[in-house]
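To start, the structure itself, in structure tokens.
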Amino acid sequence: MPNVVVSQNRANKDRLNNLQKAKQVFQEHLGLEIRKINGVKLQFIFQNMDPASPDNLYTFMLEIQPDRSYQVISSDTPLKSLKALEKRLQETNDLSAFLANIRKEFVAQARL
562 MPNVVVSQNR
572 ANKDRLNNLQ
582 KAKQVFQEHL
592 GLEIRKINGV
602 KLQFIFQNMD
612 PASPDNLYTF
622 MLEIQPDRSY
632 QVISSDTPLK
642 SLKALEKRLQ
652 ETNDLSAFLA
662 NIRKEFVAQA
672 RL
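The sequence shown begins at 562 in the working numbering and counts up one residue at a time.
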């Protein structure tokens with residue numbers, strides 16, 4: 562059993578490292594900053610969603626589960642489609658598509 566935990570922890574750390582490498586690309590092209598919080602939690606901070614208020618921040622937090630799935634644990638901006646987007650993320654494990662869809666939702670919310 563300890564080997565399984567060590568293996569899962571190593572896999573989670575590898576995933577977090579890969580996400581950190583992508584951080585710079587996302588930050589430069591999407592106005593997205595990714596912060597690692599308390600081990601397996603990731604905070605995503607979007608800027609430039611609203612041309613009238615480019616400094617407004619839109620944030621949400623994901624947690625990487627032991628089975629390597631993602632769970633949304635908070636969002637500062639309520640999004641009607643968040644549960645559906647999270648379900649799709651769990652089905653596909655496509656974090657890039659999930660982030661693109663969340664960004665679209667934040668842009669739409671900013672324009673209300």
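Note that beta-carbon positions come from the ideal geometry of N, C-alpha and C, so glycine has one too.
Comparing alpha-carbon positions, which option in Pro-612, Ile-598, Ile-606 and Gln-626 lies nearest Ala-661?
-> Out of Pro-612, Ile-598, Ile-606 and Gln-626, Ile-606 has the C-alpha closest to the C-alpha of Ala-661.
Closer than 6 Å by C-beta to Gln-651: which residues in its own chain qualify, once you throw out the five before and the five after it? Chain order, please.
-> Excluding positions up to five away in sequence, the list reads Ser-630.
Integer-rounded CB distance, given that Gln-569 should sit under 8 Å from Pro-627 = Taking 8 Å as the upper bound for CB-CB distance, Pro-627 and Gln-569 are in contact here, some 5 Å apart.
Does the beta-carbon distance from Met-610 to Asn-599 come in below 8 Å?
-> Against a cut-off of 8 Å, the Cβ pair of Asn-599 and Met-610 comes out as no contact.
Whole-angstrom distance between Gln-632 and Leu-673, CA atom to CA atom = The C-alpha of Leu-673 lies about 27 Å from the C-alpha of Gln-632.
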